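Asks: Numbering that gives the first Met the number 0 applies: residue 0 is where the sequence shown begins, and numbers increase by one.
Glycine residues also receive a C-beta, built at the ideal position from the N, C-alpha and C atoms.
Note that the coordinates shown come from a computational prediction; the quantities given were computed from them, not determined experimentally.
The structure that follows is given in the form of structure tokens.
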Amino acid sequence: MANQNLRQPSISVTPEQYKQLAQQYTPKPTVVKNVVRAFIVGGVICAIGQIFINLFVTFGLARIEAATAATATMIFLGALLTGLGIYDEIGKFGGAGSIVPVTGFANSIVAPAMEFKREGYVLGVGAKLFTVAGPVLVYGIATSIVVGIVYYFLH
Numbered sequence: 000m001a002n003q004n005l006r007q008p009s010i011s012v013t014p015e016q017y018k019q020l021a022q023q024y025t026p027k028p029t030v031v032k033n034v035v036r037a038f039i040v041g042g043v044i045c046a047i048g049q050i051f052i053n054l055f056v057t058f059g060l061a062r063i064e065a066a067t068a069a070t071a072t073m074i075f076l077g078a079l080l081t082g083l084g085i086y087d088e089i090g091k092f093g094g095a096g097s098i099v100p101v102t103g104f105a106n107s108i109v110a111p112a113m114e115f116k117r118e119g120y121v122l123g124v125g126a127k128l129f130t131v132a133g134p135v136l137v138y139g140i141a142t143s144i145v146v147g148i149v150y151y152f153l154h
């Protein structure tokens, strides 16, 4: 029998001792640090977006058009920084502060595509580009249709 060759453990630890050891080696939570980092990174991203809005307004666009252009610019910058590998570092530092703004959406679209670029542009990048974006776009469009119909009948 193979079990006869196994030796019995020589250390006996009580459940209380194990709990103390586990608490001793468990990393301490860094909630405050994470919240501050997320606040700073999210705030900086939103401040950059506001700078783009103000810049587009000074170029003569209306406020709504400037906001749309700024959103498109931020999505482009998020995708570009993801492609260059910079957005991942921002995400490691800022956590949710980098995910919540629209640049996080761009990152979630481009990141899966970047992982599969070695499989080619059609079967790799093209197929994986919409793994996250596809459901978001489908539900976003469907929701906008439903909201539009409800709005039409209420007014």
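So, does the segment 78–96 touch the segment 58–69, judging by three or more C-beta pairs under 8 Å?
Replies: Verdict: no, contact absent.
Asks: Within 10 Å of its beta-carbon, does ILE44 have 16 or more other beta-carbons around it, so buried, or fewer, so exposed?
Replies: Indexing the sequence shown from 1 puts residue 44 at position 45. By the neighbour-count rule (16 or more Cβ atoms within 10 Å), ILE44 is buried.
Asks: If you follow the alpha helix (DSSP H) that PRO26 is part of, which residue opens it and which one closes it?
Replies: As a first step, residue 26 is located in the sequence shown; it is residue number 27 there, counting from the start. Segment: none, PRO26 is in no alpha helix (DSSP H) and carries neither H nor E.
Asks: Go ahead and pull the three-state DSSP assignment for GLY41.
Replies: Position 42 of the sequence shown, counted from the first residue, corresponds to residue 41. Residue state, collapsed to three classes: helix.
Asks: DSSP state of THR102, grouped into three classes?
Replies: Along the sequence shown, one-based indexing puts residue 102 at 103. THR102 falls in the helix class under three-state DSSP.
Asks: Between the segment 56–64 and the segment 3–20, can you find at least three pairs of beta-carbon atoms closer than 8 Å?
Replies: Cβ pair count under 8 Å is below three, so no.
Asks: Tell me which same chain residues have a C-beta within less than 7 Å of the C-beta of PHE55, skipping the five on either side of it?
Replies: Position 56 of the sequence shown, counted from the first residue, corresponds to residue 55. ALA65, ALA68, ALA69, listed in sequence order.
Asks: Can you name, in chain order, every residue of its own chain whose Cβ lies under 6 Å from the Cβ of MET73, other than the five neighbours on each side?
Replies: Numbered from 1 along the sequence shown, position 74 holds the residue referred to as residue 73. Cβ within range, chain order: GLY48, VAL101, THR102.
Asks: Run the CB neighbour count on GLY90, radius 10 Å, all protein chains shown included, and call it buried at 16 or more, exposed below.
Replies: Residue 90 sits at position 91 when you count from the first residue of the sequence shown. It is buried - the Cβ of GLY90 has at least 16 other Cβ atoms within 10 Å.
Asks: For GLY139 and GLY41, I'd like the C-alpha separation in whole angstroms.
Replies: To locate residue 139, count along the sequence shown from 1; it is residue 140. To locate residue 41, count along the sequence shown from 1; it is residue 42. If I take the Cα positions, the gap works out to 23 Å.
Asks: Applying the 10 Å Cβ sphere with the 16-neighbour rule, what's the burial state of VAL31?
Replies: Looking up residue 31 in the sequence shown gives position 32. Result: exposed.
Asks: What residues in its chain sit with their C-beta under 6 Å from that of ASN106, if we drop five residues either side in the sequence?
Replies: One-based indexing of the sequence shown puts residue 106 at position 107. So the qualifying residues of the chain are GLY77, THR81, TYR86.
Asks: What number of angstroms, rounded off, separates the C-alpha of THR13 from the C-alpha of ILE39?
Replies: Residue 13 sits at position 14 when you count from the first residue of the sequence shown. Residue 39 sits at position 40 when you count from the first residue of the sequence shown. Cα to Cα, the separation comes out at about 45 Å.
Asks: Leaving aside the five residues before and after PHE104 along the sequence, list all residues of the same chain whose C-beta is less than 6 Å from its C-beta, in chain order.
Replies: Residue numbering aside, residue 104 sits at position 105 when the sequence shown is read from its first letter. So the list is empty, once near-sequence residues are dropped.
Asks: Can you tell me whether VAL109 is buried or exposed, with buried defined as 16 or more other CB within 10 angstroms of its CB?
Replies: The residue labelled residue 109 in the question sits at position 110 within the sequence shown. Buried: at least 16 other Cβ atoms inside 10 Å.
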